[in-house]
């Protein structure tokens, strides 16, 4: 009887041990790491070409140059990764660009935007100010008349003499949720590209825009409105316009590269950031 009890106790202990092992098993530890296009993190993509990055994780710091921006009326809110910049009416952020940004000849810019469609005026998403011209050296905004069925994006780029406009119309599903907007220009080909959520939706050349970009009279970088809607205006050419307004939604994970990334690179950035990587 004593031997039987000992055997039963031994079996019970083995059972407890097996149950403990089962509880500690975590299938995720055996899963292969996330790999998109050969990358496991958005920060691995074109690392040597990244010249500016704002994550807006409760601060306004460009993690490449370590320069901090200054807010007027903006706050922070939940973003795609961590926090995001929360815009408002009559609100913007100003920050000093690095020499790597002011000297861009080709570029790719990606950013996550969550905003309603424009109701009071154009919505500025990014501006590298030109202190003497109507539009910035690089100005990206959502045009009036945009709807969720047909959004309108405008990208102004300065070629050293005047600005040239890359226009994209009829872009669906841009509003009321986080959407990644990407823009690139390639000095070697003159190609401009627009990406939405990592997919290329338009590629075109723009009349008068060939070769390297040549920014002049560079001022601040502006988030939250176009360059002339800050107070005071970032350009001496004019002030606020009644047909322009502010980003009242959110902006997150703004990246600038000094080359035109490939479609695969842009797609990898967006897919990885969308997964918090």
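Numbering (my numbering), first residue to last: 52 to 328.
Just so it is clear, CB atoms sit at the ideal spot from N, CA and C, and this is done for glycine as well.
As the structure is a prediction and not an experimental result, all values here were calculated from the model.
Practice task
On the DSSP bridge assignment, give the partners of residue 273 in chain order.
Solution key: As a first step, residue 273 is located in the chain shown; it is residue number 222 there, counting from the start. Answer is 145, 178, bridged to residue 273.
Practice task
Express the C-alpha separation of residue 288 and residue 185 in angstroms, rounding to a whole number.
Solution key: Indexing the chain shown from 1 puts residue 185 at position 134. Indexing the chain shown from 1 puts residue 288 at position 237. So the alpha carbons of these two residues sit roughly 6 Å apart.
Practice task
With DSSP collapsed to three states, give me the class of residue 288.
Solution key: Taking the first residue of the chain shown as position 1, residue 288 is located at position 237. Here residue 288 sits in coil by DSSP.
Exercise for the section: Report the three-state DSSP secondary structure of residue 184 (helix, strand or coil). Expected result: By one-based count along the chain shown, residue 184 stands at place 133. Note: residue 184 maps to coil in three-state DSSP.
Practice task
Evaluate contact between the stretch 130-139 and the stretch 235-246, counting only Cβ atoms and requiring at least three cross-stretch pairs below 8 Å.
Solution key: no
Practice task
Let me know if residue 228 comes out buried or exposed under the rule of 16 or more other beta-carbons within 10 Å of its beta-carbon.
Solution key: Numbered from its first residue, the chain shown carries residue 228 at position 177. Exposed.
Exercise for the section: Using 10 angstroms around the beta-carbon of residue 178, count the other beta-carbons present and answer buried if the total reaches 16, otherwise exposed. Expected result: Numbered from 1 along the chain shown, position 127 holds the residue referred to as residue 178. Classification of residue 178: buried, given that the 10 Å Cβ count is 16 or more.
Handout entry: DSSP-derived helix/strand/coil call for residue 315
Key = Within the chain shown, residue 315 is the residue found at index 264, counting from 1. In the structure shown, residue 315 sits in a helix (DSSP, three-state: H, G or I).
Practice task
From the DSSP output, read off the bridge partner residues of residue 163.
Solution key: As a working note, residue 163 is residue 112 in the chain shown. Paired residue(s): 231, 303.
Exercise for the section: Spatial neighbours of residue 110 within its chain, please: CB distance less than 8 Å, with the 5 preceding and 5 following residues excluded, ordered by chain position. Expected result: Within the chain shown, numbered from 1, the residue matching residue 110 stands at position 59. Here the set comprises 119.
Problem - Candidates 291, 260, 323, 274, of which the one nearest residue 280 by Cα - result: In the chain shown, the residue the question calls residue 280 occupies position 229. Looking at the Cα atoms, 291 is the closest of the given residues.
Exercise for the section: Under 8 Å by Cβ, that's how I've got residue 180 and residue 269 pegged, so tell me the actual separation to the nearest angstrom. Expected result: Here residue 180 is taken as the residue at index 129 of the chain shown, counted from 1. Here residue 269 is taken as the residue at index 218 of the chain shown, counted from 1. With 8 Å as the limit, residue 180 and residue 269 qualify as a contact, their Cβ atoms being about 7 Å apart.
Problem - Exposure label - residue 113; buried when at least 16 CB within 10 Å - result: Position 62 of the chain shown, counted from the first residue, corresponds to residue 113. Burial check for residue 113: the Cβ neighbour count within 10 Å reaches 16 or more, so the residue is buried.
Practice task
Tell me whether residue 117 is buried or exposed, calling it buried when 16 or more other Cβ atoms sit within 10 Å of its Cβ.
Solution key: The residue given as residue 117 occupies position 66 in the chain shown. So residue 117 counts as exposed.
Problem - Exposed unless 16 or more other CB atoms sit within 10 angstroms - verdict on residue 161 - result: Counted from its first residue, the chain shown places residue 161 at position 110. By the neighbour-count rule (16 or more Cβ atoms within 10 Å), residue 161 is buried.
Exercise for the section: Measure the alpha-carbon distance for residue 300 versus residue 164 and round it to whole angstroms. Expected result: Taking the chain shown and counting its residues from 1, the one referred to as residue 300 is at position 249. Taking the chain shown and counting its residues from 1, the one referred to as residue 164 is at position 113. Answer to the nearest angstrom: the Cα atoms are 7 Å apart.
Problem - residue 251 - partner residues in DSSP beta bridges - result: Counting from 1 along the chain shown, the entry for residue 251 is found at position 200. According to DSSP, residue 251 bridges with 246.
Practice task
Leaving aside the five residues before and after residue 115 along the sequence, list all residues of the same chain whose C-beta is less than 8 Å from its C-beta, in chain order.
Solution key: For this step, residue 115 is matched to residue 64 along the chain shown. Take residue 115, set aside five residues on each side of it, and the residues of its chain with a beta-carbon closer than 8 Å to its own are 101, 102, 103, 104, 149, 151, in chain order.
Problem - Span of the alpha helix (DSSP H), counted from its first residue to its last, around residue 150 - result: Here residue 150 refers to the residue found at position 99 of the chain shown. That run of the alpha helix (DSSP H) goes 150-153.
Handout entry: Neighbourhood of residue 253 by C-beta distance below 6 Å, restricted to the same chain and skipping five residues each side
Key = To locate residue 253, count along the chain shown from 1; it is residue 202. Contacts found: 219, 245.
Handout entry: Helix, strand or coil at residue 190 according to DSSP, with G and I counted as helix
Key = Mapped onto the chain shown, residue 190 falls at position 139. In the structure shown, residue 190 sits in a strand (DSSP, three-state: E or B).
Handout entry: Proximity below 7 Å, CB of residue 316 to CB of residue 96
Key = Numbered from 1 along the chain shown, position 265 holds the residue referred to as residue 316. Numbered from 1 along the chain shown, position 45 holds the residue referred to as residue 96. Yes, they are a contact pair.
Exercise for the section: Reducing DSSP to helix, strand and coil, say where residue 93 ends up. Expected result: Mapped onto the chain shown, residue 93 falls at position 42. Three-state result, residue 93: helix.
Problem - Residue nearest to residue 313 in terms of C-alpha spacing, selected from 108, 251, 124 - result: The residue given as residue 313 occupies position 262 in the chain shown. That would be 251, whose Cα lies nearest to the Cα of residue 313.
Exercise for the section: Locate the beta strand (DSSP E) running through residue 279, then write down its first and last residues. Expected result: Indexing the chain shown from 1 puts residue 279 at position 228. That residue, residue 279, is in no beta strand (DSSP E); it is neither H nor E in DSSP.
Handout entry: DSSP state of residue 204 mapped onto helix, strand, coil
Key = Reading the chain shown from its first residue, position 153 is the one you call residue 204. Of the three classes helix, strand and coil, the one that applies to residue 204 here is strand, per DSSP.
Handout entry: Rounded C-alpha distance that separates residue 309 from residue 275
Key = As a position in the chain shown, residue 309 is number 258, starting the count at 1. As a position in the chain shown, residue 275 is number 224, starting the count at 1. Near 23 Å, if we compare the C-alpha coordinates of residue 275 and residue 309.
Practice task
Put residue 99 into one of helix, strand or coil per three-state DSSP.
Solution key: If you number the chain shown from 1, residue 99 lands on position 48. If DSSP states are grouped into helix, strand and coil, residue 99 belongs with the helices.
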